[in-house]
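Inspection log for the structure reproduced underneath, given as structure tokens.
Protein chains: 2
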Amino acid sequence: MADLSAGTGVPVPTIKYYLREGLLPPGRPLARNQAEYGPAHVRRLKLVRALADYGGLSIAAIAGLVRHLDDPGVAGGTLLAEAQPAVTPPPEPGGGAGAGRARRHVADLLARKGWDRLAAHPSAATLTGVLASLLELGLDDVLDRMDDYAAAAEAAAATDVRILGDVSDRERAVEVVVLGTLLGDTLIAALRRLAQAHLAGEACTG
Amino acid sequence: MADLSAGTGVPVPTIKYYLREGLLPPGRPLARNQAEYGPAHVRRLKLVRALADYGGLSIAAIAGLVRHLDDPGVAGGTLLAEAQPAVTPPPEPGGGAGAGRARRHVADLLARKGWDRLAAHPSAATLTGVLASLLELGLDDVLDRMDDYAAAAEAAAATDVRILGDVSDRERAVEVVVLGTLLGDTLIAALRRLAQAHLAGEACTG
DNA sequence: GCCAGTGGGTAGTGCCGCTATCCATCGAGG
DNA sequence: CCTCGATGGATAGCGGCACTACCCACTGGC
Chain A
1 MADLSAGTGV PVPTIKYYLR EGLLPPGRPL ARNQAEYGPA HVRRLKLVRA LADYGGLSIA
61 AIAGLVRHLD DPGVAGGTLL AEAQPAVTPP PEPGGGAGAG RARRHVADLL ARKGWDRLAA
121 HPSAATLTGV LASLLELGLD DVLDRMDDYA AAAEAAAATD VRILGDVSDR ERAVEVVVLG
181 TLLGDTLIAA LRRLAQAHLA GEACTG
Chain B
207 MADLSAGTGV PVPTIKYYLR EGLLPPGRPL ARNQAEYGPA HVRRLKLVRA LADYGGLSIA
267 AIAGLVRHLD DPGVAGGTLL AEAQPAVTPP PEPGGGAGAG RARRHVADLL ARKGWDRLAA
327 HPSAATLTGV LASLLELGLD DVLDRMDDYA AAAEAAAATD VRILGDVSDR ERAVEVVVLG
387 TLLGDTLIAA LRRLAQAHLA GEACTG
């Protein structure tokens with residue numbers, strides 16, 4: 001429908017494409033060449049665009065996510081778990097030199113934080129991969145500061161959980177989880193850039 | 207050279223491709239069909255792969271970055287400024303409903319933090335775009351918590367600056383800035399996921 | 001009746017990150 | 001000295017992804 005396109009700024013052929021890919025549920029058919037799209041479709045479309053534009057997700061990844069959104073028998077935690085693999089590409093285990101050290105340090109960190117239970121979490125593998133890259137490039141200093149970064153991440157996560165707690169609508173909670181997690185990455189990154197620029201400006205530019 | 211390929215795990219044709227694209231400086235030619243690649247090339251190649259794999263940068267973006275790396279007359283701060291547009295896609299100004307509110311809130315936040323000077327920073331535009339998306343999807347709660355996220359981001363940035371201060375080698379500092387910023391995003395995101403999973407596990411799964 | 005607008009499907013486009021192929025050259029082993 | 005395989009250099013091609021263009025049958029409103 002042209003209204004849907006006008007209401008979201010997404011061109012009609014793209015909407016058709018999203019319908020084909022299952023990102024958008026089909027409208028209620030009124031006739032053979034007519035279907036009704038409600039505010040739920042506008043909302044979903046905005047969600048899809050937000051995930052694609054700022055979440056950096058592929059269409060296929062969003063399709064997978066959306067399938068779980070439409071599946072009624074899924075809780076917030078489960079959906080979040082499903083969202084993880086969508087974000088992080090399978091980080092190859094890496095046979096490099098730094099990989100072993102990285103693995104050890106991640107294990108240590110998890111133990112220190114009491115996160116042992118999460119050793120198999122995909123993000124732990126991502127973490128190991130990033131650390132391995134940094135180590136191979138001689139950035140060992142990062143290791144000494146990991147606890148600081150972990151503390152900052154914990155603070156952000158605590159805020160995430162607090163926001164989620166405020167959401168009473170259970171149906172919307174899953175959306176909040178996905179949006180908060182994925183757009184939150186971009187949001188935090190942007191804030192970090194600004195803070196960096198501020199600190200650097202104080203130190204160097206004056 | 208096959209050594210270079212063996213030392214990094216990057217296939218030879220890809221190395222050729224990177225040479226073509228200027229991601230990798232050409233080796234010192236020993237003969238018409240022979241060139242010497244040193245440890246600097248191995249390092250650079252690892253840098254390129256790290257930025258592509260975990261930084262999410264396109265080849266073209268890395269090429270732009272690398273041009274500045276090879277340019278001797280560039281300071282860390284300048285390079286960081288150059289790195290910003292590479293990471294964040296040009297976020298369309300957005301004529302949506304939430305755009306106005308988002309802009310106002312970002313301006314308020316910058317003022318509160320004393321970051322007024324950074325209003326034109328590309329990350330400020332990204333921030334506005336993300337907020338606008340969140341607002342249009344009814345996630346107003348995030349606004350009330352922005353200061354918490356900003357605090358977490360500040361903490362991370364402070365750690366960044368501290369690490370950078372430990373780096374004495376001026377030549378390597380620019381690499382640290384790029385790596386720390388881009389891979390740091392992935393690193394912090396991974397840590398945040400883990401912290402989220404930990405907190406959610408406490409609250410729900412037990 | 002007529003015709004813009006709709007849904008539905010197929011096919012094509014442009015870009016991106018490689019990958020394959022070809023060629024002249026050269027270095028080392030026999 | 002001569003062959004063989006590797007090297008560098010260049011061009012062309014591939015596969016995937018996110019759309020986009022085109023075509024068609026249909027139909028609601030004028």
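Chains as they are written, first to last, in our numbering: chain A, 1 to 206; chain B, 207 to 412.
Glycine included, every Cβ here is placed at the ideal spot set by N, Cα and C.
Source: prediction; values computed, not measured.
According to the neighbour-count rule (16 or more other Cβ atoms, all chains shown, within 10 Å of its Cβ), is residue i buried or exposed?
{"i": "aspartate 140 of chain A", "result": "exposed"}
{"i": "glutamine 402 of chain B", "result": "buried"}
{"i": "arginine 255 of chain B", "result": "buried"}
{"i": "glycine 38 of chain A", "result": "exposed"}
{"i": "serine 329 of chain B", "result": "buried"}
{"i": "alanine 157 of chain A", "result": "buried"}
{"i": "arginine 323 of chain B", "result": "exposed"}
{"i": "glycine 165 of chain A", "result": "exposed"}
{"i": "glycine 261 of chain B", "result": "buried"}
{"i": "alanine 6 of chain A", "result": "exposed"}
{"i": "alanine 209 of chain A", "result": "Outside the displayed span of chain A (1 to 206) sits residue 209 of chain A, for which this structure offers no information."}
{"i": "alanine 208 of chain B", "result": "exposed"}
Is residue i helix, strand or coil by DSSP?
{"i": "alanine 212 of chain B", "result": "helix"}
{"i": "alanine 326 of chain B", "result": "coil"}
{"i": "proline 25 of chain A", "result": "coil"}
{"i": "leucine 57 of chain A", "result": "coil"}
{"i": "leucine 30 of chain A", "result": "strand"}
{"i": "glycine 114 of chain A", "result": "coil"}
Is residue i close to the ligand MN? I mean its beta-carbon at under 7 Å from any heavy atom of the ligand.
{"i": "threonine 186 of chain A", "result": "By its list of ligands, the structure shown contains no ligand whatsoever, and the ligand MN lies outside what it can speak to."}
Between residue i and residue j, what straight-line distance do the alpha-carbon atoms span, to the nearest angstrom?
{"i": "leucine 45 of chain A", "j": "glycine 335 of chain B", "result": "16 Å"}
{"i": "tyrosine 149 of chain A", "j": "isoleucine 221 of chain B", "result": "34 Å"}
{"i": "proline 219 of chain B", "j": "alanine 331 of chain B", "result": "38 Å"}
{"i": "valine 207 of chain A", "j": "arginine 368 of chain B", "result": "Residue 207 of chain A falls outside the range modelled here, since chain A spans only 1 to 206, and no answer is possible."}
{"i": "proline 231 of chain B", "j": "leucine 225 of chain B", "result": "6 Å"}
{"i": "alanine 35 of chain A", "j": "leucine 263 of chain B", "result": "41 Å"}
{"i": "alanine 379 of chain B", "j": "leucine 385 of chain B", "result": "10 Å"}
{"i": "leucine 183 of chain A", "j": "aspartate 70 of chain A", "result": "20 Å"}
{"i": "leucine 316 of chain B", "j": "leucine 253 of chain B", "result": "33 Å"}
{"i": "alanine 31 of chain A", "j": "glutamate 21 of chain A", "result": "22 Å"}
{"i": "arginine 398 of chain B", "j": "proline 29 of chain A", "result": "43 Å"}
{"i": "cysteine 410 of chain B", "j": "leucine 65 of chain A", "result": "At cysteine 410 of chain B, the pLDDT of 49 sits below 50, so the modelled position is not reliable and the matter cannot be decided from this model."}
{"i": "valine 348 of chain B", "j": "leucine 4 of chain A", "result": "26 Å"}
Does the beta carbon of residue i sit closer than 8 Å to a beta carbon anywhere in chain A?
{"i": "leucine 271 of chain B", "result": "no"}
{"i": "leucine 210 of chain B", "result": "no"}
{"i": "valine 339 of chain B", "result": "It should be pointed out that residue 339 of chain B corresponds to serine in this sequence rather than to valine. With 8 Å as the cut-off, serine 339 of chain B counts as an interface residue toward chain A."}
{"i": "arginine 351 of chain B", "result": "yes"}
{"i": "histidine 327 of chain B", "result": "yes"}
{"i": "leucine 251 of chain B", "result": "no"}
{"i": "leucine 275 of chain B", "result": "no"}
{"i": "alanine 305 of chain B", "result": "no"}
Can you pull the chain B residues whose beta carbon is under 9 Å from the beta carbon of residue i, in chain order?
{"i": "valine 48 of chain A", "result": "Result: empty, since nearest Cβ-Cβ is about 11 Å, beyond 9 Å."}
{"i": "glutamate 36 of chain A", "result": "Ordered by position in chain B, no residue passes the 9 Å Cβ test against glutamate 36 of chain A, which lies about 22 Å from the chain."}
{"i": "arginine 112 of chain A", "result": "In chain order: nothing, as chain B lies at least about 12 Å away."}
List the residues of chain A that residue i touches, going by C-beta distances under 7 Å, in chain order.
{"i": "arginine 398 of chain B", "result": "Ala153, Ala156 and Ala157"}
Residues of chain B with a CB under 7 Å from the CB of residue i: which are they?
{"i": "threonine 126 of chain A", "result": "Thr392 and Ala396"}
{"i": "leucine 179 of chain A", "result": "Leu340, Leu343 and Leu345"}
Do we get a CB-CB distance below 8 Å when we pair residue i with the residues of chain B?
{"i": "leucine 24 of chain A", "result": "no"}
{"i": "isoleucine 62 of chain A", "result": "no"}
{"i": "arginine 117 of chain A", "result": "yes"}
{"i": "glycine 142 of chain A", "result": "According to the sequence shown, residue 142 of chain A is valine rather than glycine. Yes, its Cβ sits closer than 8 Å to a Cβ of chain B."}
{"i": "alanine 52 of chain A", "result": "no"}
{"i": "valine 176 of chain A", "result": "yes"}
{"i": "valine 130 of chain A", "result": "yes"}
{"i": "aspartate 166 of chain A", "result": "yes"}
{"i": "leucine 19 of chain A", "result": "no"}
Which bits of chain B does residue i rub up against, with CB to CB less than 8 Å?
{"i": "valine 161 of chain A", "result": "Gln402, Leu405, Ala406 and Ala409"}
{"i": "glycine 56 of chain A", "result": "Gly262"}
List, in order along the chain, the chain A residues whose C-beta lies closer than 8 Å to that of residue i?
{"i": "alanine 356 of chain B", "result": "Leu191 and Ala195"}
Mind listing the chain A neighbours of residue i? Cutoff is C-beta to C-beta under 9 Å, in chain order.
{"i": "leucine 236 of chain B", "result": "Residues of chain A passing the Cβ test: none, with the nearest at roughly 27 Å."}
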